[in-house]
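Chains as they are written, first to last, in the numbering used here: chain G, 108 to 466; chain V, 108 to 466. Remarks on the structure that follows.
2 protein chains.
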Amino acid sequence: DVGLRDYQTSHRAIQLPGLVNIAAFVPGLVSRDSDDLERVTKASAASGFSMIRVMPVAKDGSISDVKSLKIAQQNGKRGAYCDFNLSITATSDNAHQISHAAGEVGSLFIPFNHLSDNISKVAAVQAHFEAWPTHKPIITDARTTDLASILLLASLHNRRIHVTAVTIKEDIKLIALGKQKGMKVTCDVCIYSLYLSQKDYPGCQFLPTAEDQAALWEHLETIDVFSIGSLPYQLAHFLKQPTGVAVGIADALPLLLTSVADGKLTIEDVKTRLHDNPREIFELHDQVGAYLEAEIDRPYTLKVADAWSPFAGKVMKAAVQRVTFQDQVVCLDGSMLAVPPRGNDMSTHGAAPPTVAMT
Amino acid sequence: DVGLRDYQTSHRAIQLPGLVNIAAFVPGLVSRDSDDLERVTKASAASGFSMIRVMPVAKDGSISDVKSLKIAQQNGKRGAYCDFNLSITATSDNAHQISHAAGEVGSLFIPFNHLSDNISKVAAVQAHFEAWPTHKPIITDARTTDLASILLLASLHNRRIHVTAVTIKEDIKLIALGKQKGMKVTCDVCIYSLYLSQKDYPGCQFLPTAEDQAALWEHLETIDVFSIGSLPYQLAHFLKQPTGVAVGIADALPLLLTSVADGKLTIEDVKTRLHDNPREIFELHDQVGAYLEAEIDRPYTLKVADAWSPFAGKVMKAAVQRVTFQDQVVCLDGSMLAVPPRGNDMSTHGAAPPTVAMT
Ligand SMILES: [Zn+2]
Ligand SMILES: [Zn+2]
Ligand SMILES: [Zn+2]
Ligand SMILES: [Zn+2]
Ligand SMILES: [Zn+2]
Ligand SMILES: [Zn+2]
Ligand SMILES: [Zn+2]
Ligand SMILES: [Zn+2]
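Okay, here's the thing in structure tokens:
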């Protein structure tokens with residue numbers, strides 16, 4: 108890994124290893140001939156992300172079988188500006204099918220609230236635990252009593268589980284308690300959830316309340332990963348703003364580094380949650396020659412460029428200056444250079460158990 | 108304890124220690140000047156039960172605070188024909204109040220499905236765990252994903268928990284798995300659930316399906332306790348039959364002993380689940396001089412007496428012949444003798460931690 112080169116200098120130029128967005132939302136993921144995946148990788152690369160893990164739930168469907176996986180793989184062949192991997196989503200009755208696709212995807216996503224009735228939820232979750240290779244990651248969006256439920260099932264089946272896009276105070280407290288008691292649980296919080304709440308956007312249920320948000324900050328030690336997720340897209344949709352595929356991506360690092368400037372986070376907090384932990388939890392390959400340079404403490408007013416942002420007009424205190432991918436500069440001061448798409452579909456990386464890993 | 112005296116003789120006369128119904132439903136429990144509690148104890152004593160644990164949820168309210176507890180206690184002073192103890196029910200916001208009543212009741216009942224919204228469910232359950240004395244039993248009626256949820260919370264808070272009136276296949280399987288993994292969980296199944304299903308009464312959601320019922324029998328080892336519960340009352344109501352307070356009580360032991368006659372259960376299976384385990388799980392006092400005699404293998408057609416029964420007209424192969432309470436015969440061949448009510452409110456028994464137990 109590339110370390111922080113001149114972190115201690117007065118002008119606060121920093122270098123970070125290529126970042127990982129563990130939950131990238133690609134609207135047209137399973138739509139035939141969609142270039143959304145290509146465009147998301149481009150926006151990600153421009154913002155310092157060298158790897159995205161694509162959520163299997165998209166705007167018009169999800170990756171839930173071999174057929175939908177094929178469409179997403181085909182879309183991935185149009186070209187990608189950073190590496191990516193695909194996941195598959197559990198449904199009430201596709202436990203057997205996912206076992207066939209396991210070798211071709213990075214993880215299994217169990218969207219608890221989309222499984223049918225309560226009885227089959229418990230049965231379905233257990234069936235998926237049985238069908239999914241023990242060494243491969245499982246992610247869920249379960250909340251409140253469903254979250255407690257899936258944590259128990261994971262514990263009884265000796266599976267580690269990652270909870271994505273936590274927003275609720277009770278949930279982060281429950282995860283903290285579970286970790287304290289030795290459960291194999293990790294979690295991420297969407298970056299927007301740290302900076303926007305229902306106080307800013309009344310009625311916006313998918314954002315934390317102000318009280319939830321305070322609890323998220325208080326439990327920073329419990330948060331393993333910062334993610335982008337589908338929250339920016341949902342917010343744009345809720346506010347009837349343009350729902351471009353890049354919404355939320357360029358904001359991610361400037362928001363976090365502005366908190367570094369304000370003393371609310373350290374650079375290490377950011378690096379741990381956008382590089383170290385994502386790689387460890389999701390067994391991602393090391394990306395040699397991927398890093399970014401950013402500057403902290405030079406305030407500017409955010410202007411909307413390619414994508415709508417709720418932070419337009421707000422003062423930011425950090426910006427990404429240069430992004431390097433595969434030892435080649437791909438972006439300077441927010442402008443993508445004319446480089447070919449060199450990202451790879453890394454979905455099969457780590458497909459075999461660690462003992463016989465093919466790297 | 109009184110053992111089984113002539114179990115091995117040809118005519119199959121057996122003796123059992125006084126039975127415990129761990130979930131007695133008393134419709135008018137918290138109605139002022141109701142004699143329902145007295146009448147339930149009388150029907151219980153006549154059927155071989157020397158102790159009933161009264162469910163805190165009644166027809167027109169529940170025991171959820173000191174005031175409703177006082178009404179139930181007052182009703183208990185009208186006289187009881189067997190010993191009884193009272194419980195208190197958790198609500199979304201009475202965690203503090205129950206801590207005041209803890210010394211006066213036998214257990215805390217957490218009716219998971221009656222707690223308000225999902226967020227406060229997890230918070231409320233945890234608040235109750237914190238407020239309730241660690242040595243006192245906690246009972247829940249949680250189902251499916253809620254059951255998994257409360258099992259996790261109990262495990263994280265190091266509390267043992269009893270799941271009452273299990274009907275669903277997934278639930279008994281989950282409890283079996285939990286026990287196998289060392290969780291401190293016990294459960295009961297209503298006796299009616301072993302003999303009646305939705306196949307007999309289509310649309311009767313509170314009964315198991317035929318498949319559920321088969322799973323209950325398959326998991327007999329996982330079932331710690333047989334209970335009467337509110338199921339017989341619910342069934343009578345559903346079928347628009349008279350909902351007398353005694354419904355289901357007289358049927359309990361004849362049904363189980365008929366299964367003994369049929370070779371589906373052993374007498375030890377019955378004794379364990381109606382005496383030994385109830386006493387151990389709920390830390391009940393030993394009732395010296397309480398026992399019953401029954402005869403197995405003399406078939407007769409069940410006639411409806413005091414209470415409606417779905418088994419009227421069916422052939423039973425066992426009957427209670429004589430019930431002794433406090434070394435006095437109180438019932439002969441189903442007819443209650445003219446004895447005064449000598450049962451006691453044992454709610455405060457075991458109120459202090461075991462180390463300083465007052466027996
Ligand atoms: Zn690295
Ligand atoms: Zn500089
Ligand atoms: Zn197959
Ligand atoms: Zn398993
Ligand atoms: Zn005894
Ligand atoms: Zn005889
Ligand atoms: Zn108080
Ligand atoms: Zn606790």
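Ideal Cβ positions, reconstructed from N, Cα and C, are used throughout, including at glycine. Bear in mind the structure is a predicted one, so any value in this text is a computation, not a measurement.
C-beta neighbour in chain G for residue i, strict 7 Å
i	result
K228/V	yes
L323/V	no
T252/V	yes
A419/V	no
E211/V	no
L284/V	yes
S263/V	Before going on, a small fix: residue 263/V reads as Leu here, not Ser. True, the Cβ-Cβ gap to chain G drops below 7 Å.
Same chain, Cβ closer than 6 Å to residue i, five either side skipped, listed in chain order
i	result
V273/V	I279, C294 and V296
C311/V	Q305 and F345
T521/G	Only positions 108 to 466 of chain G appear in this structure, which leaves residue 521/G out of reach.
A317/V	S304 and K306
L327/G	none
P138/V	A quick correction: the sequence has Ser, not Pro, at residue 138/V. Here the set comprises D167.
A359/V	I298 and I335
P406/G	V422 and K424
N451/G	D190
Supposed close pair residue i, residue j - CB separation, criterion 8 Å
i	j	result
F219/V	I257/V	6 Å
K276/G	D319/G	5 Å
F333/V	L381/V	6 Å
A401/G	L409/G	Not quite, the Cβ-Cβ distance comes to about 15 Å (not below 8 Å), so this is no contact.
L215/V	L399/V	Incorrect: roughly 30 Å between the Cβ atoms, too far for contact.
I195/G	I205/G	5 Å
I403/V	R119/V	4 Å
Backbone CA spacing between residue i and residue j [nearest angstrom]
i	j	result
A283/G	I268/G	14 Å
N384/V	D172/V	29 Å
L176/V	T455/V	13 Å
N128/G	A230/V	31 Å
S169/V	T241/V	23 Å
K288/G	P448/V	50 Å
G213/G	S227/V	35 Å
W239/V	A255/G	20 Å
D253/V	S199/V	15 Å
Q115/G	V377/G	Only weak support exists for where Q115/G lies, its pLDDT of 46 falling under 50; the coordinates are left without a value.
P417/G	P163/V	52 Å
T379/V	S337/V	22 Å
Chain V within 7 Å of residue i, Cβ atoms only
i	result
K288/G	yes
E390/G	no
D404/G	no
L111/G	Bear in mind that a pLDDT of 49 at L111/G, under 50, signals an unreliable position, so the number given afterwards is only what the model happens to contain. No, L111/G does not count as interfacial toward chain V.
A255/G	yes
L258/G	yes
E277/G	yes
Residues near residue i in its chain [Cβ-Cβ closer than 8 Å; skip 5 each side]
i	result
A150/G	V352, A353, I356, A357, D413 and A414
L496/V	Only positions 108 to 466 of chain V appear in the structure, and residue 496/V is not among them; the question remains open.
L144/G	V133, G135, L136, V161, A179, N182, G183, R185, A187 and F191
E211/G	L176, Q180, L193, S454, T455 and A458
K371/V	W324
G441/V	A153, A357, A412, A426 and V427
G396/V	T431, F432, Q433, D434 and Q435
D369/V	K424
Same chain, Cβ closer than 7 Å to residue i, five either side skipped, listed in chain order
i	result
T365/G	M423, K424 and A425
M290/G	L258 and S262
Q394/V	G125, S157, M158 and D190
D142/G	R185
* Starting from the N-terminal side, write out each stretch of the alpha helix (DSSP H) that is 4 residues or longer and does not extend beyond the region 245-312 of chain G. => 251-263, 276-287 and 298-302
* Asked: Which full runs of the alpha helix (DSSP H) of 4+ residues lie inside the region 113-171 of chain V, going along the chain?
  -> 143-153
* Within the region 301-377 of chain V, ranges of the alpha helix (DSSP H) (whole runs, at least 4 residues) -> 317-325, 338-345 and 359-368
* Of all the alpha helix (DSSP H) runs that stay within the bounds of the region 177-215 of chain G, which reach a length of 4 or more residues? -> 202-208
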